[in-house]
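So the protein lines, in turn, are chains X and D. Under my numbering, the first residue of the first sequence is numbered -18, with each subsequent residue one higher. Under my numbering, the first residue of the second sequence is numbered -18, with each subsequent residue one higher. Even glycine gets a Cβ: it sits at the ideal position worked out from N, Cα and C. Worksheet: the structure to be examined is printed underneath.
Protein chains: 2
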Amino acid sequence: MHAIEEILRKKKIKVTPQRMAVYSILKQSKFHPNVEMIYQKLKPDFPAMSLATVYKTMDVLKKVGLIQELNVGEGGLRYDAQIRPHSHIYCKNCGKVVDVDHFPLEELQDSLLEKVKEETGFNILFVQLYFFGTCPECNDKKELLEASS
Amino acid sequence: MHAIEEILRKKKIKVTPQRMAVYSILKQSKFHPNVEMIYQKLKPDFPAMSLATVYKTMDVLKKVGLIQELNVGEGGLRYDAQIRPHSHIYCKNCGKVVDVDHFPLEELQDSLLEKVKEETGFNILFVQLYFFGTCPECNDKKELLEASS
DNA sequence: TTCATAATTGATAGCAGTTATTACTTAAAA
DNA sequence: TTTTAAGTAATAACTGCTATCAATTATGAA
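Set out below in structure tokens:
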């Protein structure tokens, strides 16, 4: 039995094929898909699945702490099955979201959270750090375009 | 003439009373309003103003670099006339957005941006750091409720 | 295994935030 | 002052998401 099954059963949440499939897609993919992307990926195996089910599943998985939500300002949300704190970088050109693995978000959180708590009086639950820019692939394409003009 | 007027004229963007009013509200308020809040504040002085005009004005002001957009995952966006890099903290209970002035986002940006550029190959344009939690006022209210139960 | 039932799913209507369109109006260059 | 490119108001349309509800299914008890 997979870890996800145990976690869901423990919380009296039903283990359904749809939920397993959504989580499996998220676990596999590195590009941090949004609901629409997940829906499209599921279509071949679950032609009857509804978009609403994907939305509801994201909600369930988030609530039990199996995934985290990313908001890169696209309108829709992106999802990540890696729940360890880490930051993300977003390509404003092609929409790609990439993990920034070696960026010290964990240390940052440990060492500086207290300072921010003192300054603001807030009880801090979590931190999100986003970098925005353009990815190497898009930069290369742009250079090619400029060179040819 | 105000700085904003000069900046707009330099870019051949017309200086209109609506634009001045929107910017003035943003400059005054510390609570990082969203479009709806700005619209409501403007109503007494500009009863004829359309919501669409506020949206378009936010767009113009953002493009000329007079304001920055904040995305705290509410659906709508929040706006800040303080464009110097700084981080924000969001109360998940009451929706308040507060500046975290002394958090070292500027130093962070200077010292660590290069590392992230190397790791990812991205060209980085800007960084956004959000803290999420509950504000002192909401925490106090909760304590009172618990004490009285 | 079968059954009862509460949770989940799929289909769809509805909602909120945002954008597009268009006819009218205005700021500002000539 | 006149001209006109740009902006505004009103509103229709679009998008991401949520609510609703009848049909279906996972799960625990018999």
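Integer-rounded CB distance, given that residue j should sit under 8 Å from residue i
| i | j | result |
| --- | --- | --- |
| HIS67 (chain X) | VAL81 (chain X) | 7 Å |
| TYR60 (chain D) | GLN109 (chain X) | With 8 Å as the limit, TYR60 (chain D) and GLN109 (chain X) do not qualify as a contact, their Cβ atoms being about 19 Å apart. |
| LEU41 (chain X) | TYR20 (chain X) | Note on residue identity: the sequence assigns Val, not Leu, to residue 41 (chain X). The Cβ separation is near 16 Å, so there is no contact. |
| THR38 (chain D) | LYS73 (chain D) | Not a contact, Cβ separation roughly 29 Å. |
| ILE(-15) (chain D) | LEU47 (chain D) | 6 Å |
| LEU106 (chain X) | PHE113 (chain D) | 5 Å |
CB of residue i within 8 Å of CB of residue j, strictly
| i | j | result |
| --- | --- | --- |
| VAL3 (chain D) | LEU23 (chain D) | yes |
| PRO117 (chain D) | GLY57 (chain X) | no |
| ASN120 (chain D) | ASN15 (chain X) | no |
| VAL79 (chain X) | LYS(-8) (chain X) | no |
| GLY76 (chain X) | GLU55 (chain X) | yes |
Run of the alpha helix (DSSP H) containing residue i, from where it starts to where it stops
| i | result |
| --- | --- |
| SER5 (chain X) | -2 to 9 |
| ASP82 (chain X) | Element bounds for ASP82 (chain X): n/a, residue is neither H nor E. |
| SER31 (chain D) | Element bounds for SER31 (chain D): n/a, residue is neither H nor E. |
| ASP122 (chain X) | The displayed chain sequence assigns Lys, not Asp, to residue 122 (chain X). Where LYS122 (chain X) is concerned, the enclosing alpha helix (DSSP H) stretches over 117 to 129. |
Where residue i sits in the DSSP three-state scheme
| i | result |
| --- | --- |
| ALA(-6) (chain X) | Just to set this straight, residue -6 (chain X) is Ile in the shown sequence, not Ala. Of the three classes helix, strand and coil, the one that applies to ILE(-6) (chain X) here is coil, per DSSP. |
| GLN21 (chain D) | helix |
| VAL16 (chain D) | helix |
| ILE(-15) (chain D) | helix |
| CYS72 (chain X) | strand |
| LEU47 (chain X) | coil |
| ASP26 (chain X) | coil |
Buried versus exposed call for residue i [16 or more other C-beta atoms within 10 Å across all chains shown]
| i | result |
| --- | --- |
| ILE148 (chain D) | Residue 148 (chain D) lies beyond the range of chain D shown here (-18 to 130); nothing can be said about it. |
| ALA29 (chain X) | exposed |
| LEU(-11) (chain D) | buried |
| LEU7 (chain D) | buried |
| HIS13 (chain D) | buried |
| GLN49 (chain X) | buried |
Limits of the unbroken beta strand (DSSP E) element including residue i
| i | result |
| --- | --- |
| ARG59 (chain X) | 57 to 61 |
| GLY102 (chain X) | Counting along the chain, GLY102 (chain X) falls outside any beta strand (DSSP E), and DSSP gives it neither H nor E. |
Any non-hydrogen atom of the ligand FAD closer than 7 Å to residue i Cβ
| i | result |
| --- | --- |
| ILE(-15) (chain X) | Within the structure as shown, the ligand FAD is missing, as the structure has no ligands at all. |
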